[in-house]
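2 protein chains.
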Amino acid sequence: MSSELSFDFEVQQRDGRARLGTLQTPHGEVQTPLFMPVGTQGTVKGLSPAEIEEVGSQIILANTYHLMLRPGEQLVAQHGGLQGFSGYPGPFLTDSGGFQVMSLGHLRKISEEGVIFKSHLDGSMIELTPERSIQVQQALGADIIMAFDECPPYPAERDYIRSSLQRTARWLERCLAVKDKDDQALFAIVQGGVHPDLRDESLALTLPFDTPGYAIGGLAVGEPKEEMFPAVAYTAERLPEHKPRYLMGVGHPEDLVAGIALGVDMFDCVYPTRTGRFGYALTDRGRLNLNSSGARTRLEPIDPDCDCVACRTFTQAYIAHLLRAEEMLGPRLLSIHNLRYLHRLVERMREAIAVGTLYDWAMAWGQTYFGSKADGVVPEWFTEALETGRQTPTGTPHH
Amino acid sequence: MSSELSFDFEVQQRDGRARLGTLQTPHGEVQTPLFMPVGTQGTVKGLSPAEIEEVGSQIILANTYHLMLRPGEQLVAQHGGLQGFSGYPGPFLTDSGGFQVMSLGHLRKISEEGVIFKSHLDGSMIELTPERSIQVQQALGADIIMAFDECPPYPAERDYIRSSLQRTARWLERCLAVKDKDDQALFAIVQGGVHPDLRDESLALTLPFDTPGYAIGGLAVGEPKEEMFPAVAYTAERLPEHKPRYLMGVGHPEDLVAGIALGVDMFDCVYPTRTGRFGYALTDRGRLNLNSSGARTRLEPIDPDCDCVACRTFTQAYIAHLLRAEEMLGPRLLSIHNLRYLHRLVERMREAIAVGTLYDWAMAWGQTYFGSKADGVVPEWFTEALETGRQTPTGTPHH
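The structure is reproduced here in structure tokens:
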């Protein structure tokens, strides 16, 4: 069923469950594992297209919900799609809009047909269905588009999660039935919360569609990491070996390290740019608060080992000054640094996978990273994820 | 008395009163006429240092008042001055702080000694004197520093303007007495409002100090252009031929064209970046409002002849979308475009001066520019400035 042109994924190397891969898309080849910055409204907050390329981003996520409301998908289509609209020439991925409708609290009604929600812009009532989501995503023209799914909140009743994952599978079928463009790859989304048996049911309903990639959905919605990562491990090892695996909405440094160790290939999150706008810088020794009075007199860069323009050019004192003075260059520089930090983190993991030292690298990284926090303890969920990741998968992939 | 090292100005060509010059500063050579973007708090709003260079800026103005209050001149000095602090490696000019104190409305007392004002940040009472202004400007380390002057508002009584210009001359003497760094050039400021006889008096009191450059102060403070440009013409032709002339706080496109025709070499203004943040783009056909509903569907760039990144990469529709969505890339792109527009405008005038066609070029430019406005009429003050500018100066320079 994977008839998409210009779309191909190859796993080139493994280290335990972690993989190095190459993903071919119509707008270029990308190396996995990778982290995707979020360009909600067709722009990654704080960065120009040139800066997106400079920090090492390979593929941008854009939000269907926001763009269908404003400026409308037809205007984006008139620009030849997201690349022409945003000025970023590389690959894009669009979400389905479903998660935004539900998480932004504008949901009015959910039924077998789809969802009805109130626009956060003008209050109008709008319907989003699997068919409409695909239609919008085809107009937006991303390289990878996502199935329209339902993502239950945490906590939710087992029965609700179960009926929801079944509906998600029926919606997947409707998405695939309406999709009629060959230059976009549609990824299915596996649901099931933190329950292994429900993950099994979702996998059994989803994998027969043999989509060119799979997302692990329904996580990072409020559950503790002690529940989230076992669910990631359980699901990832049951996904096909030769398809990319995408853990949606995940992007704290420690989550990328654990997720990649468990065999995840793709991540996205607003975290690096959002925390940057709030004045925080990501480093191997934890998060640095540039709003602190201490930062105002530090004549050294955020991270002397970082190759981003913020660390190559500016002191912490200057960036702290920009934040206090409410100058937009401050949030820009921290957004750039934080994205570069996550990309470098993934690049270092790719290098470790290539030489088969991921477990040792990640354990050492965890010692430094968690060691910088108040209690200085590496959490069990993190060590367990790395231990699980170094083992050969025990589950049986459904295909 | 002009003992400054690494500082030199040469007029290379004339076309009527307009001049092409080269100004040598410790941080590099710049071509005049030129427009200086304003980096009030040590950053040009909306641009990174790399973007400042890319748009063709040659020298940045930074504000003594703002920087002495926050982060304090000592922190800037610890960075090796404004270049090390801001990451922009080229020349800087700092104002004296006097205009900011008076115009921002925080002035509490003005006396022969100096001014006492209330900090807009924490309400504390702070004294600024000629000596303190030079001390701060020396710590900031700009290539060009400005004498501490008093700039009367418009309108003001003749008697007040007269006693004020006399005090400004006494303050100039105190500034020069305390200045003890050879790698900064101190420019004096000629006052006198729109009154030729008071301009004469200020010139007579100021020029004997033979500073390496002169500013025309006290204009662009609310007077009509019909009064402002005759005062510019009168003052400029009485300034020494071999010293740069700086018209402070001026920067609308039509003002640059008229001012350069009248023999002004340097300008500064927050206008291009401020109007850009408000959603307006400068063009030869007037100011384009990207907040308008019409802009939302225009698939062409702001100006197809512009070589800035905004015009090379993005449609008006995309930039209009960014503004509506309150994405910071919108104000950034318009700030970049507007600065590039003013720099290109000056570059085109430099080319016209080089081949002796400035008058014709400026008349044609005015036809297009004012022709795009509601009444479509080229104002008399503009034509008169160009007519005056094409004539040989009639006044006698004091030196």
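Protein chains in written order, with numbering that gives the first Met the number 0: chain A, 0 to 398; chain B, 0 to 398. Just so it is clear, CB atoms sit at the ideal spot from N, CA and C, and this is done for glycine as well.
Buried or exposed for residue i, please, with buried defined as at least 16 other CB atoms from any protein chain shown within 10 angstroms of its CB.
i: Ala61 of chain B; result: buried
i: Phe147 of chain A; result: buried
i: Thr31 of chain A; result: buried
i: Asn337 of chain B; result: buried
i: Ala203 of chain B; result: exposed
i: Glu126 of chain A; result: exposed
i: Gln315 of chain B; result: buried
i: Ala17 of chain A; result: buried
i: Glu72 of chain B; result: buried
i: Glu236 of chain A; result: buried
i: Met0 of chain B; result: Here Met0 of chain B scores only 38 on pLDDT, less than 50, and its place in the model should not be relied on; the value that follows carries that caveat. It is exposed - the Cβ of Met0 of chain B has fewer than 16 other Cβ atoms within 10 Å.
i: Leu185 of chain B; result: buried
i: Lys178 of chain B; result: buried
i: Met124 of chain B; result: exposed
i: Val189 of chain A; result: buried
i: Pro154 of chain B; result: exposed
i: Leu120 of chain A; result: exposed
i: Pro211 of chain B; result: buried
i: Gly122 of chain A; result: exposed
i: Gly192 of chain B; result: buried
i: Lys224 of chain B; result: buried
i: Ala294 of chain B; result: buried
Taking residue i as the reference, which of the options has the closest Cα?
i: Val54 of chain A; options: A:Ser334, A:Gly365, A:Phe369; result: A:Ser334
i: Trp170 of chain B; options: B:Glu225, B:Gly217, B:Ser95, B:Ile215; result: B:Ser95
i: Glu130 of chain B; options: B:Met145, B:Thr312, B:His119, B:Glu346; result: B:Met145
i: Phe98 of chain B; options: B:Ser123, B:Cys150, B:Lys108; result: B:Cys150
i: Phe6 of chain B; options: B:Lys242, B:Ala384, B:Val249, B:Arg389; result: B:Lys242
i: Gly216 of chain A; options: A:Ala187, A:Tyr368, A:Ser292; result: A:Ala187
i: Arg297 of chain B; options: A:Gly140, A:Glu50, A:Leu74, A:Asp14; result: A:Leu74
i: Ala230 of chain B; options: B:Ala176, B:Tyr64, B:Pro207, B:Gly258; result: B:Gly258
i: Leu164 of chain A; options: A:Asp182, A:Leu197, A:Phe313, A:Pro239; result: A:Leu197
i: Thr93 of chain A; options: A:Leu175, A:Leu81, A:Thr167; result: A:Leu81
i: Phe8 of chain A; options: A:Gly27, A:Gly15, A:Asp14; result: A:Gly27
i: Phe381 of chain B; options: B:Arg173, B:Arg69, B:Phe369; result: B:Phe369
i: Leu341 of chain A; options: A:Gln137, A:Pro252, A:Gly221; result: A:Pro252
i: Ala49 of chain B; options: B:Pro300, B:Leu206, B:Phe34, B:Val308; result: B:Val308
i: Thr167 of chain B; options: B:Ser132, B:Arg69, B:Ser201, B:Ile143; result: B:Ser201
i: Arg161 of chain B; options: B:Gln136, B:Gln137, B:Pro195; result: B:Pro195
Please list the partners that residue i has in chain B, where partner means a Cβ-to-Cβ separation under 8 Å.
i: Tyr317 of chain A; result: Gly41, His78, Phe84, Ser85, Gly86
i: Ile24 of chain A; result: For the record, residue 24 of chain A in the displayed sequence is Thr; it is not Ile. None at all; the shortest Cβ gap to chain B is about 21 Å.
i: Pro48 of chain A; result: Thr312
i: Arg295 of chain A; result: Pro70, Leu74
Output the boundary residues of the alpha helix (DSSP H) element that contains residue i.
i: Gly275 of chain B; result: 270 to 276
i: Leu197 of chain A; result: 195 to 205
i: Arg349 of chain B; result: 328 to 353
i: Met101 of chain B; result: 97 to 102
i: Asp158 of chain A; result: 157 to 177
i: Lys224 of chain B; result: 224 to 235
i: Met247 of chain B; result: Note, Met247 of chain B: premise wrong, no alpha helix (DSSP H); not H, not E.
i: Gly388 of chain B; result: 379 to 389
i: Ile51 of chain A; result: 48 to 53
i: Val75 of chain B; result: 72 to 77
Could you please give the first and the last residue of the uninterrupted beta strand (DSSP E) stretch that includes residue i?
i: Ile125 of chain B; result: 124 to 127
i: Glu9 of chain A; result: 7 to 14
i: Glu28 of chain B; result: 27 to 31
i: Val267 of chain A; result: Going by the sequence as given, residue 267 of chain A is Asp instead of Val. That run of the beta strand (DSSP E) goes 265 to 267.
i: Ile259 of chain A; result: Run containing Ile259 of chain A: none in the beta strand (DSSP E); it sits in the alpha helix (DSSP H), 252 to 260.
i: Val444 of chain A; result: Residue 444 of chain A lies beyond the residue range present for chain A, which begins at 0 and ends at 398; the question has no answer from this structure.
Could you work out which residues of chain B lie near residue i, taking near to mean beta carbons separated by less than 9 Å?
i: His119 of chain A; result: Per Cβ cutoff of 9 Å: no residues; His119 of chain A is ~12 Å from chain B at best.
i: Arg69 of chain A; result: His320, Arg323, Ala324
i: Leu338 of chain A; result: Here the premise fails: no neighbours, minimum Cβ distance about 15 Å.
Any beta carbon of chain C sitting closer than 8 Å to that of residue i?
i: His194 of chain A; result: Here the protein chains are A and B, and chain C is not one of them.
Listing by chain order, which chain B residues have their CB less than 7 Å from the CB of residue i?
i: Arg273 of chain A; result: In chain order: nothing, as chain B lies at least about 13 Å away.
By the criterion of Cβ-Cβ separation under 7 Å, what are the contact partners of residue i in chain A?
i: Gly45 of chain B; result: Met327
Q.
Pairs of beta-carbons, one from the stretch 113 to 131 of chain B and one from the stretch 46 to 62 of chain B, closer than 8 Å: are there three or more?
A. no
- Message: Check whether the stretch 348 to 358 of chain A and the stretch 318 to 329 of chain A touch, using three or more Cβ-Cβ pairs below 8 Å as the test.
- Response: no
Does the stretch 266 to 276 of chain A touch the stretch 35 to 45 of chain A, meaning 3 or more C-beta pairs lie closer than 8 Å?
yes
Determine, using beta-carbon pairs with one atom in the stretch 263 to 271 of chain A and one in the stretch 287 to 296 of chain A, whether at least three such pairs fall under 8 Å.
no
Contact the stretch 351 to 365 of chain B vs the stretch 227 to 245 of chain B: 3+ CB pairs below 8 Å | no
Task: At least three beta-carbon pairs within less than 8 Å, the stretch 25 to 41 of chain A to the stretch 102 to 110 of chain A - done: no
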